[in-house]
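Just so you know, we're using our numbering here: the sequence shown kicks off at 718 and counts up by one.
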Amino acid sequence: RMGQAKSQNEAKSIYATYIDHTLLLFRRLAYDIWTSPINLILLILIILLLIKLYFMKPKSNNTHKSVPVQLPKMKKCDMTLAELHAYDGKNSNGRVLTGNRRIDLYGSGGSYCTFAGRDATRALAKMQLDPSLFTENYDDLQDLSENERSTARAWHDDFKDKYDIVGRVLRPGESPTIYTDETDNVENMGDKKHK
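Below, the structure written as structure tokens:
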């Protein structure tokens with residue numbers, strides 16, 4: 718019993734020493750903060766930032782927070798630029814090129830809403846979101862540099878891994894392909910962007 722009491726006293730002594738050292742550290746810290754105006758200002762700024770981070774809710778657009786309705790897979794089809802333009806994310810069902818998976822990006826008001834309903838190849842190749850790069854007419858992209866063509870191909874490869882390919886943009890006068898369940902593969906179509 719005596720040994721047990723002695724080890725309890727030693728534990729209390731170690732704990733008391735730890736507490737004393739911790740209190741001393743906090744007293745020194747408080748002294749350094751109160752005696753230096755710069756440290757006091759920094760402490761106030763840190764506290765305000767922590768309060769803001771903890772209590773402020775991120776602003777969100779309720780239209781982007783709504784749970785998206787799971788739409789059936791779109792049947793593959795080719796379309797003209799005019800037909801594609803109807804799928805601009807406004808008053809539509811958002812089903813072209815599976816953009817409905819990321820309505821927060823491609824839907825109305827999203828970061829990349831300028832892509833919706835348009836051929837974005839030139840903008841992606843040039844790595845710019847300049848509205849002048851989206852034309853209403855068919856763009857054969859012949860004036861792109863080899864580096865820009867390579868960039869467009871890299872974007873295509875990235876997108877085809879993330880989204881379903883549902884068709885092609887038709888050249889003027891080109892007839893659309895009629896896809897059946899057996900020929901729904903559009904991977905190896907002679908698309909102008911991926912030759």
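A virtual CB, placed ideally from N, CA and C, is assigned to each residue, including glycine. In this text the structure is predicted, and so the values were computed from the model without any measurement.
Exposed or buried, which one is residue i when buried takes at least 16 other CB atoms within 10 Å?
i	result
L659	Because the chain spans 718 through 912 in this model, residue 659 falls outside it and cannot be assessed.
V813	Caution is warranted here: a pLDDT of 44 is assigned to V813, below 50, making its placement in the model unreliable, and the coordinate value is therefore given only provisionally. V813 comes out buried.
R744	exposed
L798	buried
A869	buried
T780	A caution first: T780 carries a pLDDT of 48, below 50, which makes its placement in the model unreliable, though a value can still be read off. T780 comes out exposed.
A728	exposed
Answer yes or no: do residue i and residue j have a C-beta to C-beta separation smaller than 9 Å?
i	j	result
F851	R835	yes
V886	K793	no
T838	D856	yes
L846	W872	no
M773	P893	no
L742	I750	no
Identify which residue in the options has its Cα closest to the Cα of residue i.
i	options	result
L801	I755, H738, N854	N854
K843	E863, R888, G827, Y771	E863
Which residue spans inside the stretch 847-886 form an unbroken alpha helix (DSSP H) run of at least 4? The stretch 847-886 contains these whole alpha helix (DSSP H) runs: 863-879.
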